[in-house]
Amino acid sequence: MSILETSFEHRFSADASSLTDLLTRAVVEVHTARGGGAGIIWGGGLIVTNAHCVPRGATLRVDSGGRMHDADVIAYSGDHDLALLHAPGVSGPLLELRDARSLRPGEIVFAHGHPLGMSHALAMGAIHGVANDPRTGELRFVVADVRLAPGNSGGALVDAHGRLVGINSMVVGGLGVAIPAIVAQGFVTRATSLRAA
Amino acid sequence: MSPVDQSSSNALAELSSKLSDAVERAASYIVAIHARRRIPSSGVVWRDGIIVSASHTVRRDGTVRVTRPDGSDVEATVVGRDAATDLVVLSSDGLAVAPAPRAEPRASAVGSLVLAVGRPGRSVSASFGIVSAIAEGWRSETGKRIDGLLRLDLAVYDGFSGGPLVAPSGAVVGINNSAFARGTAAALSAPTVDSVIDELLSRGHIRRPFIGVGVHPVALGPVARRYGLPHDVALIVVSLAEGEPADTAGIQLGDLLVGIAGRPLARPSDLLDALSTVADGDSVDVTVLRGGTQQTIRVTPRDRGGQAE
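Here the protein sequences line up with chains V and A, keeping their order.
Residue numbers for the first sequence follow the working numbering, so the first one is 1 and each next one is one higher.
Residue numbers for the second sequence follow the working numbering, so the first one is 1 and each next one is one higher.
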């Protein structure tokens, strides 16, 4: 290995491409007749995506690693624009979750999704801040200076270690807005315990 | 099992923590200025007891409330504004916040990684990108020439204007302002900010020497050769303000201004540039072509910087 290949920018590029490899296996494409988006593998055949990616009554197909799977919506959270899908047979690496309250403005983050139909695209940006619910004071959104487009919805916002900090959901004033991963985890826990009861 | 190295030797994490450290360092010199509705504006502690911000975001004059990085409030007074660079300077005796360190000049080269940091409230916000161009000789609406306007490839957000552009070291590169180029991201470089502040602190306004002529470029054609002029364009006087320096010096409507202080005049901006170098109370020689004769008229510009545009 030459000295050039160990320079910072080479290590940076190598780390970014191994991050893409991880995310390409951990993030699926969600297809419906009326569009779709991205989804994050949550284990046990469960996938988390945005509610607006999977309209009620739509027929769902999930593309994981190039293989198509049938999927059903098993829960919606209108409050947080989240939906939980069940697609038996879909598996992949589970992203470690990171509490967005520990994020510092300026930290580098990556958005992974399928913007404008471009499968498994990676975008780099920085944490802008986190927003709390003005009524309850609870964590509500992760705001990042990262370029998102239709097709990024339901995809992953991860930190430099590949830990999931949020589910990319919308663009406000040019900034990317994500639902915090720990909020999504709370939603999945509630939805699956209801199902078990 | 994750293929991404979880240790801190990961290059992505290395850059990430460098940048968030830079934001934390910058936060120590960014204040929130409460002088408009909706959200406060961002300001930078530029020197001891001196805060700089974007003039259009500070809507009131006199005494305003400023929130320091530790969350406590202090009073500050608006010292001066410059319409051309949209800078406002405030002073506060009790500020007690260490001024922003200056980044080395290399940090503003095109392609450099930079962060825009603001304090639109209690906490700071950041966006990240590169310096995409440096505009030299950019001219503001008021005709003032500005060197070192940095065009940025990064997101503009609420509270962006008046905040610092920050190098990965955490030092300040310039003052952000989205008002220069139709809402796109730009910043005034630190040396430009320094020169404006020096003048604002010593006078309360930026000096703008004025002689009271309206001019338009005209082609001279063969006339240029006949008088041995170095170029074939001059400025024709199309309006003259009564009682102002050009009028009292004897310049007339229709005069062709061909040179100033020995330098040729081809564009109206040449006249503005030449006047801006004339010191207070000094006069300048204007070369005039009138009725077939070339003559020199000595004019003493007047400072009009303190007046509303």
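Glycine included, each C-beta is placed from N, C-alpha and C at the ideal position.
Any beta-carbon of chain A closer than 8 Å to the one on residue i?
i, result
"S160 of chain V", "In the sequence as displayed, the identity of residue 160 of chain V is Ala instead of Ser. Interface residue, yes."
"G117 of chain V", "no"
"A71 of chain V", "no"
"F8 of chain V", "yes"
"I3 of chain V", "Only weak support is given to the placement of I3 of chain V: the predicted model assigns it a pLDDT of 49, under 50, and the question is left unresolved by the model."
"P134 of chain V", "no"
"P180 of chain V", "no"
"D79 of chain V", "no"
"E107 of chain V", "yes"
"H114 of chain V", "no"
"G151 of chain V", "no"
"R101 of chain V", "no"
"L19 of chain V", "yes"
"F141 of chain V", "no"
"L175 of chain V", "yes"
"G125 of chain V", "yes"
"R98 of chain V", "no"
"A16 of chain V", "yes"
Where does the unbroken beta strand (DSSP E) through residue i begin, and where does it stop?
i, result
"V196 of chain A", "Taken as a continuous stretch (DSSP letters only), V196 of chain A belongs to no beta strand (DSSP E), being part of the alpha helix (DSSP H) at 190-203."
"L235 of chain A", "233-240"
"S64 of chain V", "60-64"
"L253 of chain A", "Where L253 of chain A is concerned, there is no enclosing beta strand (DSSP E), given that its DSSP letter is neither H nor E."
"R251 of chain V", "Outside the displayed range of chain V (1 to 197) lies residue 251 of chain V, so it cannot be described from this structure."
"S77 of chain V", "67-77"
"H216 of chain A", "213-219"
"S53 of chain A", "50-54"
"M124 of chain V", "121-132"
"D145 of chain V", "139-145"
"M170 of chain V", "164-172"
"G43 of chain V", "35-43"
"T49 of chain V", "46-50"
"V44 of chain A", "41-47"
Within its chain, find whatever has a CB closer than 7 Å to the CB of residue i; leave out the 5 residues flanking it on each side and keep chain order.
i, result
"Y200 of chain A", "Note that residue 200 of chain A is Leu in the sequence shown here, rather than Tyr. Counting only Cβ-Cβ distances below 7 Å, and skipping sequence neighbours, we find V79, G80, D82, V89, I206."
"I108 of chain V", "M124, A126, A160"
"I130 of chain A", "G111, S112, L113, V114, D153"
"I3 of chain V", "Summary for I3 of chain V: the model assigns pLDDT 49, below 50, so the residue's position carries little reliability; its value from the coordinates is reported in the next sentence. Hits under 7 Å: none found."
"A13 of chain A", "none"
"H80 of chain V", "I179, V183, F187"
"L253 of chain A", "V237, L240"
Return the chain-ordered list of same chain residues with a C-beta closer than 8 Å to the C-beta of residue i, the five sequence neighbours on each side being excluded.
i, result
"S77 of chain A", "At residue 77 of chain A the sequence reads Thr, which differs from the Ser that was named. Same-chain partners within the cutoff: G62, T63, V64, L90, S91, S92."
"A71 of chain V", "V30, I47, L60, R61, V62, L85, H86, A87, V90"
"A181 of chain A", "R151"
"R263 of chain A", "D270, A274"
"Q294 of chain A", "Y227, V258, T287, V288"
Please state whether the Cβ-Cβ distance between residue i and residue j is less than 8 Å.
i, j, result
"S127 of chain A", "L154 of chain A", "yes"
"G198 of chain V", "V27 of chain V", "The displayed coordinates of chain V run from 1 to 197. Any statement about residue 198 of chain V would go beyond what the structure contains."
"T85 of chain A", "L188 of chain A", "yes"
"A131 of chain V", "R140 of chain V", "yes"
"G37 of chain V", "L94 of chain V", "no"
"I260 of chain A", "A274 of chain A", "yes"
"H112 of chain V", "L23 of chain V", "yes"
"V172 of chain A", "L87 of chain A", "no"
"I197 of chain A", "E244 of chain A", "no"
In chain order, what residues of the same chain have a beta carbon less than 6 Å from the beta carbon of residue i, not counting five sequence neighbours either side?
i, result
"R147 of chain V", "A123"
"R119 of chain A", "I30, A32, S42"
"P3 of chain A", "Its pLDDT being 48, under 50, P3 of chain A is placed unreliably in this model, and the value from its coordinates should be taken loosely. Cβ neighbours of P3 of chain A beyond the five flanking positions: none."
"D73 of chain A", "R65, T67"
Between residue i and chain V, is the shortest Cβ-Cβ distance under 8 Å, so that the two count as touching?
i, result
"S112 of chain A", "no"
"N10 of chain A", "yes"
"Y29 of chain A", "no"
"V131 of chain A", "no"
"Y157 of chain A", "yes"
"A126 of chain A", "yes"
"V23 of chain A", "yes"
"P3 of chain A", "In this predicted model, P3 of chain A has a pLDDT of only 48, less than 50, meaning its place in the structure is not dependable; the value taken from the coordinates is given anyway. Interface residue, yes."
Where does the unbroken alpha helix (DSSP H) through residue i begin, and where does it stop?
i, result
"A27 of chain A", "11-27"
"L95 of chain V", "Neither: L95 of chain V is in no alpha helix (DSSP H) and is coded neither H nor E."
"P222 of chain A", "222-226"
"A279 of chain A", "Premise fails: A279 of chain A is in no alpha helix (DSSP H) and is neither H nor E."
List the whole-angstrom C-beta distance separating residue i from residue j, where the pair is believed to meet the contact cut-off of C-beta under 8 Å.
i, j, result
"G176 of chain V", "S20 of chain A", "Actually they do not touch by this definition, with Cβ atoms about 17 Å apart."
"R208 of chain A", "R304 of chain A", "5 Å"
"V30 of chain V", "V48 of chain V", "The Cβ separation is near 10 Å, so there is no contact."
"V299 of chain A", "S283 of chain A", "6 Å"
"G159 of chain A", "S123 of chain A", "Going by Cβ atoms, the distance from G159 of chain A to S123 of chain A rounds to 11 Å, so no, they are not a contact pair."
"L116 of chain V", "A149 of chain V", "5 Å"
"A184 of chain V", "L82 of chain V", "6 Å"
"V175 of chain A", "V52 of chain A", "First, the residue type needs correcting, since residue 175 of chain A is Ile and not Val in the sequence shown. Indeed they touch by this definition, with Cβ atoms about 6 Å apart."
"G170 of chain A", "A26 of chain A", "6 Å"
"A11 of chain A", "F12 of chain V", "4 Å"
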